[in-house]
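Q: One line per chain: the protein sequences are D and R, in this order. Numbering of the first sequence is given in the numbering used here, commencing with residue 1 and proceeding in unit increments. Numbering of the second sequence is given in the numbering used here, commencing with residue 1 and proceeding in unit increments. The structure is given below, and queries will be raised subsequently.
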Amino acid sequence: MTELGTIGWALRRDLRLALRRPSDGLNVLGFFVLASSMFPLAVGPQREWLQRIGPGVIWVAALLAVMLALPRLFEHDHADGTLDGMVASGRSLSLIAAGKLLAAWLVTGLPLLLVAPLLALAFSLPAEAVPVLLGSLLLGTPILLGLGAVAGALTLGLKAGPVLLTLLCLPLYVPVLVFGAGAVEAQAAGLSPYAHLALLGAGMLFVALLAPPAAAQALRISVE
Amino acid sequence: MNVFRFAAPQVFYPLAGRLAPWFAAAAVVLAVAGLYVGFAVAPTDFQQGEVYRIIFIHVPAAWMAMFVYLVMAGYAFLTLVFRSRLSGMMSQALAPTGAIMCAISLWTGAIWGKPTWGTYWVWDARLTSTLILLFLYLGYMALIAAIEDPRRADRAGALLLLVGVVNVPIIYFSVQWWNTLHQGASVSLAAAPRMAATMLTGMLLMALAAWMYAIAAALHRVRSIILERERHSRWVRQMLA
Numbered sequence: 001m002t003e004l005g006t007i008g009w010a011l012r013r014d015l016r017l018a019l020r021r022p023s024d025g026l027n028v029l030g031f032f033v034l035a036s037s038m039f040p041l042a043v044g045p046q047r048e049w050l051q052r053i054g055p056g057v058i059w060v061a062a063l064l065a066v067m068l069a070l071p072r073l074f075e076h077d078h079a080d081g082t083l084d085g086m087v088a089s090g091r092s093l094s095l096i097a098a099g100k101l102l103a104a105w106l107v108t109g110l111p112l113l114l115v116a117p118l119l120a121l122a123f124s125l126p127a128e129a130v131p132v133l134l135g136s137l138l139l140g141t142p143i144l145l146g147l148g149a150v151a152g153a154l155t156l157g158l159k160a161g162p163v164l165l166t167l168l169c170l171p172l173y174v175p176v177l178v179f180g181a182g183a184v185e186a187q188a189a190g191l192s193p194y195a196h197l198a199l200l201g202a203g204m205l206f207v208a209l210l211a212p213p214a215a216a217q218a219l220r221i222s223v224e
Numbered sequence: 001m002n003v004f005r006f007a008a009p010q011v012f013y014p015l016a017g018r019l020a021p022w023f024a025a026a027a028v029v030l031a032v033a034g035l036y037v038g039f040a041v042a043p044t045d046f047q048q049g050e051v052y053r054i055i056f057i058h059v060p061a062a063w064m065a066m067f068v069y070l071v072m073a074g075y076a077f078l079t080l081v082f083r084s085r086l087s088g089m090m091s092q093a094l095a096p097t098g099a100i101m102c103a104i105s106l107w108t109g110a111i112w113g114k115p116t117w118g119t120y121w122v123w124d125a126r127l128t129s130t131l132i133l134l135f136l137y138l139g140y141m142a143l144i145a146a147i148e149d150p151r152r153a154d155r156a157g158a159l160l161l162l163v164g165v166v167n168v169p170i171i172y173f174s175v176q177w178w179n180t181l182h183q184g185a186s187v188s189l190a191a192a193p194r195m196a197a198t199m200l201t202g203m204l205l206m207a208l209a210a211w212m213y214a215i216a217a218a219l220h221r222v223r224s225i226i227l228e229r230e231r232h233s234r235w236v237r238q239m240l241a
């Protein structure tokens, strides 16, 4: 099987599983919308406040939503033994991890992007900030998933797993949050968002290259 | 003499036991000297008054907090590449010291900030990245504590440390940029006036004391870890018998 074939196999398998259990993806989406909607209720409906906190709130909600999806990334496969099979199969575990990450992004990252414009409306963000919000999420959510996959693989099967995962991920997520929310805020303030987006893009490429082998290594550590 | 034989826990255990008291003694001597220079010899700062003297504890602690993380990452590399057992134990032994140094630097910084800046906390780039460094330490320690199998704990912790050490400069840079974007730099340590020679001496003595303390504490702690891990081995049983 070729390299692309291995990635495609893992991708198709995880997508098929996700389609058969659609509630998983939908729950994450629901969390994203609900968590963001809590903020206007807490700080008040003043338009200028909402505009001010909007980019940050949407980004934090996206970050937490992605984190919510992380435990499922490898847990089912670990619980039913598929993961042991994958490790023993002789296929590159990095490529399998890459395929799984791609599937995870399609199931959790992409829906966030589709709903984000609605949230931008809810926070009365200016129309020209919406493409920047989508661009920053497009570049930023893969970083969140990639870093999270490593942490998720390390905490696989641990009793303290989900809470621990949060503790491990959040400090690593700081740059993504800063550049992601920063891009939208820069645009809303009339500045150029491209420096933020370029850094996010660089981070995304870096993570795309290194997260699959790091996650594969972490899986080996956890399964062996 | 082959230094690699010290990578064996049963060889390193007595060596650490012999070295630790010397480092501890050096730490005490240097700390006493440093505190004397810092609190009795160094002149009062004409801008900040006596309050500045907290830097004799604050700056060495902040240096150690960063440096210990780097050392842990170095051991993490050894753990993953050479699968040596001792390096994982050393990372684990260093972690609490690093976390304590982080906490001390944040705490003393807050105490210093109140009279000087008028607030315990500002979202300054240095403060924020030190706080995140503390979270990285706590995350590492929590991961190690959650894994029962020590071999898995060592290697999982090592991978996390390597991911973290790549991230630390990015975090620092991003936080700095975030801060300058949000507000003008209200406080800048770079603009501080040049230090008197005695102040520098006091600070360097305290920094050396912090080094000695960290080494002594790590050696002491690694002995406990070695005993705990190797409790079923013959040499530990013979030693304790």
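Ideal Cβ positions, reconstructed from N, Cα and C, are used throughout, including at glycine.
Quick one: what does DSSP say ASP80 (chain D) is sitting in, helix, strand or coil?
A: For the purposes of this step, residue 80 (chain D) is taken as the residue at position 80 of the first sequence. If DSSP states are grouped into helix, strand and coil, ASP80 (chain D) belongs with coil.
Q: So, is the C-beta of VAL163 (chain R) closer than 7 Å to a C-beta in chain D?
A: The residue labelled residue 163 (chain R) in the question sits at position 163 within the second sequence. Yes, because at least one Cβ of chain D sits closer than 7 Å to the Cβ of VAL163 (chain R).
Q: Going by CA-CA distance only, name the one from D:ALA35, D:ALA104, D:VAL132, D:PRO131 that's closest to LEU147 (chain D).
A: Residue numbering aside, residue 147 (chain D) sits at position 147 when the first sequence is read from its first letter. When only C-alpha atoms are compared, the closest one is D:ALA104.
Q: For LYS100 (chain D), collect the residues of the same chain with a Cβ closer than 7 Å to its Cβ; drop the 5 residues on either side in sequence, then sort them by chain order.
A: Walking along the first sequence from the start, residue 100 (chain D) turns up at place 100. Within the same chain, LYS100 (chain D) has close Cβ partners ALA10, ASP14, LEU73.
Q: Tell me whether GLY146 (chain D), by its Cβ, gets closer than 6 Å to a heavy atom of the ligand HEM.
A: Looking for the ligand HEM in the displayed structure turns up nothing, as the structure carries no ligands at all.
Q: Starting from GLN47 (chain R) and walking both ways along the alpha helix (DSSP H), at which residues does that stretch end?
A: On the second sequence, position 47 is the one that residue 47 (chain R) refers to. Note, GLN47 (chain R): premise wrong, no alpha helix (DSSP H); not H, not E.
Q: My assumption, with CB atoms under 8 Å, is that GLN217 (chain D) sits in contact with LEU159 (chain R). Please give the rounded CB distance.
A: Within the first sequence, the letter at position 217 stands for residue 217 (chain D). Within the second sequence, the letter at position 159 stands for residue 159 (chain R). The Cβ separation is near 6 Å, so the contact holds.
Q: PHE206 (chain D) to ALA214 (chain D), Cα distance in whole Å?
A: Your numbering for residue 206 (chain D) matches position 206 in the first sequence. Your numbering for residue 214 (chain D) matches position 214 in the first sequence. For PHE206 (chain D) and ALA214 (chain D), the distance between alpha carbons rounds to 12 Å.
Q: Taking Cβ-Cβ distances shorter than 8 Å, what residues in chain R pair up with VAL43 (chain D)?
A: Taking the first sequence and counting its residues from 1, one reaches residue 43 (chain D) at position 43. Under the 8 Å cutoff, chain R gives no residues; its nearest Cβ is about 18 Å from VAL43 (chain D).
Q: Using a beta-carbon distance cut-off of less than 9 Å, what residues from the segment 67-94 of chain D approach chain R?
A: Residues: none.
Q: Give the interface partners of PRO175 (chain D) over in chain R, defined as CB-CB distance under 7 Å, in chain order.
A: What you label residue 175 (chain D) is simply residue 175 of the first sequence in a count that begins at 1. Within chain R, the residues near PRO175 (chain D) are ILE170, ILE171, SER174.
Q: Here's a check: name, in chain order, each residue in its chain whose Cβ is nearer than 7 Å to the Cβ of ALA26 (chain R), leaving out the five neighbours to either side.
A: Your numbering for residue 26 (chain R) matches position 26 in the second sequence. Answer for ALA26 (chain R): MET212, listed in chain order.
Q: So, with DSSP's three-state summary, where would you put GLU185 (chain D)?
A: Residue numbering aside, residue 185 (chain D) sits at position 185 when the first sequence is read from its first letter. Correct three-state label for GLU185 (chain D): helix.
Q: Give me the Cα-Cα distance between GLY5 (chain D) and ARG91 (chain D), rounded to the nearest whole angstrom.
A: Residue 5 (chain D) sits at position 5 when you count from the first residue of the first sequence. Residue 91 (chain D) sits at position 91 when you count from the first residue of the first sequence. Those two C-alpha atoms are separated by around 10 Å.
Q: For LEU159 (chain R) and chain D, any beta-carbon pair shorter than 7 Å?
A: Residue 159 (chain R) sits at position 159 when you count from the first residue of the second sequence. Yes, because at least one Cβ of chain D sits closer than 7 Å to the Cβ of LEU159 (chain R).
Q: Please list, in chain order, the chain R residues whose beta carbon lies closer than 8 Å to that of ILE221 (chain D).
A: The residue given as residue 221 (chain D) occupies position 221 in the first sequence. ARG152, ARG155, ALA156, LEU159, listed in chain order.
Q: On the criterion of 16 or more Cβ atoms from any shown chain inside 10 Å, does GLY202 (chain R) qualify as buried, or is it exposed?
A: Translated into positions along the second sequence, residue 202 (chain R) becomes position 202. So GLY202 (chain R) counts as buried.
Q: At a CB-CB cut-off below 9 Å, which residues of chain R make contact with GLN187 (chain D)?
A: In the first sequence, counting from the first residue as 1, residue 187 (chain D) sits at position 187. Within 9 Å Cβ-Cβ: nothing; GLN187 (chain D) doesn't reach chain R, min ~13 Å.
Q: Is PRO142 (chain D) buried or exposed, if buried means 16 or more other CB atoms sit within 10 Å of its CB?
A: Position 142 of the first sequence, counted from the start, is the residue given in the question as residue 142 (chain D). Burial call: buried.
Q: Using the three-state DSSP reduction, which class does ILE147 (chain R) fall into: helix, strand or coil?
A: Sequence index remark: in the second sequence, residue 147 (chain R) carries index 147 (1-based). In this structure, ILE147 (chain R) counts as coil in the three-state DSSP scheme.
Q: Answer with yes or no whether the minimum CB distance from ALA129 (chain D) to chain R is below 7 Å.
A: In the first sequence, the residue the question calls residue 129 (chain D) occupies position 129. Cβ-Cβ to chain R under 7 Å: no for ALA129 (chain D).
Q: When you compare the segment 47-56 of chain R with the segment 75-84 of chain R, are there three or more beta-carbon pairs, one atom per stretch, that lie closer than 8 Å?
A: The segment 47-56 of chain R is not in contact with the segment 75-84 of chain R.
Q: Residues of the segment 205-217 of chain D in Cβ contact with chain R at a cutoff of 7 Å, in chain order, please.
A: Residues ALA214, GLN217.
Q: Using 10 angstroms around the beta-carbon of LEU70 (chain R), count the other beta-carbons present and answer buried if the total reaches 16, otherwise exposed.
A: What you label residue 70 (chain R) is simply residue 70 of the second sequence in a count that begins at 1. LEU70 (chain R) should be labelled exposed.
Q: Could you tell me the distance, in whole angstroms, from the CA atom of LEU199 (chain D) to the CA atom of GLY140 (chain D)?
A: Numbered from 1 along the first sequence, position 199 holds the residue referred to as residue 199 (chain D). Numbered from 1 along the first sequence, position 140 holds the residue referred to as residue 140 (chain D). When rounded, the distance between both Cα atoms is 10 Å.
Q: With a 10 Å radius around its C-beta and 16 neighbouring C-beta atoms as the bar for buried, classify TRP22 (chain R) as buried or exposed.
A: Within the second sequence, the letter at position 22 stands for residue 22 (chain R). It is exposed - the Cβ of TRP22 (chain R) has fewer than 16 other Cβ atoms within 10 Å.
Q: Distance, Cα to Cα, TRP49 (chain D) vs ALA181 (chain D)?
A: Taking the first residue of the first sequence as position 1, residue 49 (chain D) is located at position 49. Taking the first residue of the first sequence as position 1, residue 181 (chain D) is located at position 181. So the two alpha carbons sit approximately 16 Å from each other.
Q: Return helix, strand or coil for TYR213 (chain R), following the three-state DSSP convention.
A: The residue you call residue 213 (chain R) lines up with position 213 of the second sequence. If DSSP states are grouped into helix, strand and coil, TYR213 (chain R) belongs with the helices.
Q: When the Cα atoms are used, what is the spatial distance from LEU26 (chain D) to PHE56 (chain R)?
A: Position 26 of the first sequence, counting from 1, holds the residue named residue 26 (chain D). Position 56 of the second sequence, counting from 1, holds the residue named residue 56 (chain R). Going from the Cα of LEU26 (chain D) to the Cα of PHE56 (chain R) covers about 54 Å.
Q: Please report the straight-line C-alpha distance between TYR36 (chain R) and VAL175 (chain R), rounded to a whole angstrom.
A: Here residue 36 (chain R) refers to the residue found at position 36 when the second sequence is read from its first residue. Here residue 175 (chain R) refers to the residue found at position 175 when the second sequence is read from its first residue. Taking the straight line from one Cα to the other gives about 36 Å.
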